[in-house]
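Okay, structure first, notes after.
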Amino acid sequence: MSDRPAPNVLILCKDLMFSSQLNGAVQRAGLVPQTCLGQITLTQALSQHEIQWVIIDLETEKLDLEALRSATTGKLVGFGPHVHTAKLGAAQEAGFDFVLSRGQISRGLDQLLGS
Numbered sequence: 057m058s059d060r061p062a063p064n065v066l067i068l069c070k071d072l073m074f075s076s077q078l079n080g081a082v083q084r085a086g087l088v089p090q091t092c093l094g095q096i097t098l099t100q101a102l103s104q105h106e107i108q109w110v111i112i113d114l115e116t117e118k119l120d121l122e123a124l125r126s127a128t129t130g131k132l133v134g135f136g137p138h139v140h141t142a143k144l145g146a147a148q149e150a151g152f153d154f155v156l157s158r159g160q161i162s163r164g165l166d167q168l169l170g171s
């Protein structure tokens with residue numbers, strides 16, 4: 057049995073450097089992150105833990121945004137390059153709570169998690 061606290065924030069991000077930055081912001085907010093490697097791993101973690109926030113890199117391949125929305129009552133944050141308006145729009149249509157550009161999430165995740 058592990059002494060590590062259960063995660064309450066899940067991060068799905070294909071960019072390992074950016075994922076590290078997101079993990080740091082989550083930890084500074086006093087929350088416990090877990091990075092997932094794909095939607096299947098993310099969905100499994102959602103069924104095993106009480107998750108407050110789910111942070112999704114919208115550039116991840118084969119995302120089912122509607123399934124993600126229905127899989128959690130936690131706040132869903134989608135992010136991607138500002139030029140990928142179709143992906144950002146799809147996340148908004150799927151009911152994500154927050155849809156941000158990479159720059160916005162990089163600058164504002166600390167504040168968002170504190171709200």
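The numbering of the sequence shown is my numbering, which starts it at 57 and goes up by one. C-beta atoms are modelled at their ideal positions from N, C-alpha and C, and glycine is treated no differently. Note that the structure is predicted; figures quoted are calculated from it, not measured.
DSSP places V65 in the uninterrupted beta strand (DSSP E) bounded by V65 to L68.
Non-local beta-carbon contacts of R158 in its own chain, meaning distances under 8 Å to residues more than five positions away in sequence, involve F74, F135, G136, P137 and H138 in chain order.
In the three-state reduction of the DSSP assignment, G134 falls in the strand class.
For P61, the number of other beta carbons within 10 angstroms of its own is below 16, and it is reported as exposed. Runs of beta strand (DSSP E) with 3 or more residues, each lying fully within the region 83–148, are found at 89–92, 109–113 and 131–136, listed in chain order.
Taking the Cα positions, G170 is about 6 Å away from A85.
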